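Asks:
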Amino acid sequence: MATLGSGDTFGELGVLSHYPRSADAVAKTKVRVFKILQQDVEDLVASSPEVEKDLLALAKSRISDLEVKTQTETNPEWKKQCLEHLEHEAFSVSSSDILAEGKAASHGNAAVAIWLGILIDGIPESLVIGMLAISTQGISLAFIAGVFLANMPEAMSSAVSMRQHGMSLKKIYLMWGSICFLTGVGAYVGSMLFSGEPTGSAFYLVLAIEGAAAGAMLTMIAETMLPEAYEQGGSVVGLSTLGGFLAALLVKVL
1373 MATLGSGDTF
1383 GELGVLSHYP
1393 RSADAVAKTK
1403 VRVFKILQQD
1413 VEDLVASSPE
1423 VEKDLLALAK
1433 SRISDLEVKT
1443 QTETNPEWKK
1453 QCLEHLEHEA
1463 FSVSSSDILA
1473 EGKAASHGNA
1483 AVAIWLGILI
1493 DGIPESLVIG
1503 MLAISTQGIS
1513 LAFIAGVFLA
1523 NMPEAMSSAV
1533 SMRQHGMSLK
1543 KIYLMWGSIC
1553 FLTGVGAYVG
1563 SMLFSGEPTG
1573 SAFYLVLAIE
1583 GAAAGAMLTM
1593 IAETMLPEAY
1603 EQGGSVVGLS
1613 TLGGFLAALL
1623 VKVL
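Heads up, the sequence shown stops at 1626 in the working numbering, and the numbers go up one at a time, no gaps.
Below, the structure written as structure tokens:
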């Protein structure tokens, strides 16, 4: 910042360097300002070598003065203004805000991922149901109870999470209804493709399908259900998971 008087100039570096340069001037009193265009300066320099020499000296003086001001005045003042601006714009963020934002960003699609995992698991599972339906032994009550215990809690948790994230009831019903429909179609296809007692390559194909179903379910549980369950339920989730495995095992044994 400088105080200019009669006969002083500013902005000449922009004219001499042929590059745009901005400078603010605030008049404290009534003044008369003259504007010198770049073409006028070039014509004057071309007609008088002494003017060119004086302009070069002026440019060197202004550059030297600018370097000194940058080191001693401009930088501290600029830093102060920036800090004041940041303090003015800053706002406090509570821990609850951070947790809410983290949940929205991390688990917004967790319910859809659970639905997709159940769908992937349900397709091969439905093929097995169709195969068992035409077998001589039929479908046991233990198998039906096991399927119910495996899928019902996951579906309830996913449906509640979908609703909490603003999904409409119609869309939720359509999504889970689609799984029921596809399960029925898969059971029909399984009854048509496989015999009641598969042997040879068909037996190994059934094992591969069941393995794919188990792998899809474990992947879905590990990536979506367990992290979200621990975050929302705490340490009791471990005991609940163990209880679920024991219940499924008990149903299978009985």
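Backbone N, C-alpha and C fix where the C-beta goes; we use that ideal spot for every residue, glycine too. Being a predicted model, the structure only gives us computed values, none of them experimental.
(1) For Ile-1511, which of helix, strand or coil comes out of DSSP?
(2) Check for me: the alpha helix (DSSP H) holding Lys-1642 runs from which residue to which?
(3) For Gly-1383 and Ala-1395, what's the separation of their Cα atoms in angstroms?
(4) On the criterion of 16 or more Cβ atoms from any shown chain inside 10 Å, does Gly-1502 qualify as buried, or is it exposed?
(5) Using C-beta distances below 6 Å, list every residue in its chain close to Met-1547, excluding the 5 sequence neighbours before and after it, in chain order.
(6) Measure from the C-beta of Ser-1530 to each C-beta in chain C and report whether the shortest distance is under 7 Å.
(7) Report the residue from Thr-1555, Phe-1566, Leu-1611, Ala-1586 whose alpha carbon sits nearest the alpha carbon of Ile-1506.
(8) Measure the C-alpha to C-alpha separation of Leu-1590 and Ala-1522 and round it to an integer number of angstroms.
(9) Using the C-alpha atoms, what's the distance from Leu-1376 back to Thr-1401?
(10) Given a cut-off of 7 Å on the beta-carbon distance, is the pair Leu-1416 and Val-1405 in contact?
(11) Tell me where the alpha helix (DSSP H) around Ala-1601 begins and ends.
(12) In the structure shown, what three-state DSSP assignment does Glu-1595 receive?
(13) If we ignore side chains and look at the alpha-carbon of each, how far apart do Gly-1518 and Ile-1511 end up?
Replies: Here's the rundown:
(1) Within the sequence shown, residue 1511 is the residue found at index 139, counting from 1. Correct three-state label for Ile-1511: coil.
(2) The structure shown has nothing for residue 1642, since the chain only spans 1373 to 1626.
(3) The count along the sequence shown starts at 1 and reaches residue 1383 at position 11. The count along the sequence shown starts at 1 and reaches residue 1395 at position 23. Rounded to whole angstroms, Gly-1383 to Ala-1395 spans 6 Å at the Cα level.
(4) Working through the sequence shown from its first residue, we reach residue 1502 at position 130. By the neighbour-count criterion, in which a residue is buried when 16 or more other Cβ atoms sit within 10 angstroms of its Cβ, Gly-1502 is buried.
(5) Walking along the sequence shown from the start, residue 1547 turns up at place 175. Excluding residues within five positions, the ones whose Cβ falls inside 6 Å are Trp-1487.
(6) Structure shown: chain C not included; a single protein chain is present.
(7) In the sequence shown, counting from the first residue as 1, residue 1506 sits at position 134. Of Thr-1555, Phe-1566, Leu-1611, Ala-1586, the residue nearest in Cα terms is Phe-1566.
(8) Along the sequence shown, read from residue 1 onward, the residue named residue 1590 stands at position 218. Along the sequence shown, read from residue 1 onward, the residue named residue 1522 stands at position 150. Looking at the two C-alpha atoms, the distance is approximately 12 Å.
(9) Within the sequence shown, numbered from 1, the residue matching residue 1401 stands at position 29. Within the sequence shown, numbered from 1, the residue matching residue 1376 stands at position 4. Taking the straight line joining both Cα atoms gives about 12 Å.
(10) In the sequence shown, the residue the question calls residue 1416 occupies position 44. In the sequence shown, the residue the question calls residue 1405 occupies position 33. It is not a contact, given that the beta carbons lie outside the stated cut-off.
(11) Counted from its first residue, the sequence shown places residue 1601 at position 229. For Ala-1601, the enclosing alpha helix (DSSP H) begins and ends at 1598-1605.
(12) Locating residue 1595 in the sequence shown gives position 223, where the first residue counts as 1. Note: Glu-1595 maps to helix in three-state DSSP.
(13) For the purposes of this step, residue 1518 is taken as the residue at position 146 of the sequence shown. For the purposes of this step, residue 1511 is taken as the residue at position 139 of the sequence shown. Distance between the alpha carbons of Gly-1518 and Ile-1511 is about 12 Å.
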